[in-house]
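Before any comments, here is the structure.
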Amino acid sequence: MTKTKLWFLATRPKTLVASGIPVVLGSALAYHAGVFSFTLALTAFICSILIQIATNFINEIYDFRKGADSFNRVGPVRAVSAGLISEKQMIRASWMVVGVCFVLGLYLVWVRGVIVMSIGIISLALAWAYTGGRFSLAYKGLGDIFVFIFFGLVATGGTYYVIHGDISTSAVILGCIPGAFAMNILGVNNLRDRDSDSIVGKRTFAVRFGATSSRVLYIVMTMVAYLASFLLFLIENSMWILLPFLTSPFGFNLCQKVVINDGESLNTVLVQTGILLAAFGLLISLGLLIASN
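For the sequence shown, position 276 matches number 275 in numbering that gives the first Met the number 0, and the numbering has no gaps at all.
Set out below in structure tokens:
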């Protein structure tokens, strides 16, 4: 495997949809509200992707240090734990990604001011705190809340604010959609890894409350996403916003798969949950764009 491909895989590309789609949603809603800037939308998109890549890199470092990727792992190979990338190389890469994100984010701060700076600094700090430090969010079972807030409400609402200049009820409701699916992506990951996580003291939701509760939470969060779409339809009064319901058979099928699958077979469910997020997000964005004309 080439170094380029190795680093590409270390970014966990199949999960980056969780940070890209919220920005697409926030941008589409701003366009629907009559305000749009491609430059702001693109900058916010790149920064969001970079924050997740930094989070993934830092996760590699601290899961390696704490041994989370060393015990009977059934998920994809982690580069640092496998010795494919050294810890020092990953640390340098993490700082580089954070640095680029910070520099790009200065443009958003220049446009919208201190609120955007606060969001950016907190997001970058929590990218480290997710697995780093003595009170890491993922190891204390707070990862689900983190991804719902930051990959849902903050990423979507923050994008809308950067482009439009304010916040709205629709932006908050819309943010619940990627937040719910981000929780499901993390939930499937933690359901799959619950045994190895338990060994190293990583107290995820699946470890704390068990497999059944994790599967119920996945179903509930899927329902939350569709409910949010319906609420947005009621507010914006356009049938086009119901386009995501075309994915409901796929969503139902994934809920069934979560119930009956376990272990390595959940890797497929994890990828397909990301696909559902992408399809759902693009369809509702398309609906917002059409409804604005």
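Think of the CB as a built atom: it goes at the ideal place given N, C-alpha and C, for glycine as much as any other residue.
As the structure is a computational prediction, the values presented were derived from the model and not from experiment.
Secondary structure at F134: coil, using DSSP grouped into helix, strand and coil. Setting aside the 5 residues that flank it on each side, Q271 is surrounded in the same chain by L253, each with a C-beta closer than 7 Å to its C-beta; the list follows chain order. Within the model, the alpha-carbon separation for I84 versus A9 is close to 9 Å.
Within the stretch 189 to 227, the complete alpha helix (DSSP H) segments of 4 residues or longer fall at 193 to 198, listed in chain order. In the structure shown, the three-state DSSP call for L49 is helix. Annotation: W239 is outside any alpha helix (DSSP H) and is labelled neither H nor E by DSSP. Take A179, set aside five residues on each side of it, and the residues of its chain with a beta-carbon closer than 8 Å to its own are F147, G151, M220, T221, V223, A224, A227, in chain order. The three-state secondary structure of V16, taken from DSSP, is helix.
Taking the C-beta atoms as reference points, S284 is found no nearer than 9 Å to A32.
With 16 or more other Cβ atoms from the protein chains shown falling within 10 Å of its own Cβ, D62 counts as buried.
Proximity to V23 across L41, Y129, F149 peaks at L41, based on C-alpha coordinates. About 6 Å separates the beta carbon of L28 from that of L287, a gap short enough to meet the 8 Å contact definition. Excluding sequence positions up to five before and after G25, its CB lies within less than 6 Å of the CB of T155, T158, Y159, all in the same chain and listed in chain order. CA-CA distance, N183 to L216, rounds to 8 Å. For the set G250, P243, A81, the Cα lying nearest the Cα of L5 is the one of A81.
Its chain contains T10, V96 as the residues whose beta carbon lies nearer than 7 Å to that of I52, once the 5 sequence neighbours on both sides are disregarded; these appear in chain order. The Cβ-Cβ distance between R191 and N266 falls below 9 Å. Relative to K256, the option among G140, V268, G262, A128 whose CA is nearest is V268. 9 Å or more divides the Cβ of T168 from the Cβ of I60. F232 and I289 have their alpha carbons spaced roughly 13 Å apart. Sequence-distant partners of V110 (beyond 5 residues in either direction) whose C-beta falls short of 8 Å from its own C-beta, in its chain, are L39, V161. Ranked by how close their Cα comes to the Cα of V171, the residues L185, V153, Y106, G186 have V153 in first place.
In the structure shown, the three-state DSSP call for G112 is coil. One Cα belongs to G174, the other to L276, and the distance between them is close to 12 Å. Within the same chain, no Cβ atom closer than 6 Å to the Cβ of V113 is found once the five residues on either side in sequence are excluded. Here V102 is exposed: its Cβ has fewer than 16 other Cβ atoms, across all protein chains shown, within 10 Å. Around the C-beta of L107, 16 or more other C-beta atoms lie within 10 Å, and the residue is accordingly described as buried. Of the candidates V199, I176, G209, M89, the residue whose Cα lies closest to the Cα of V187 is G209.
Shown here for V79: same chain residues with a beta carbon closer than 7 Å to its own, the five before and five after excluded, namely E59, I60, F63, E86, M89 in chain order.
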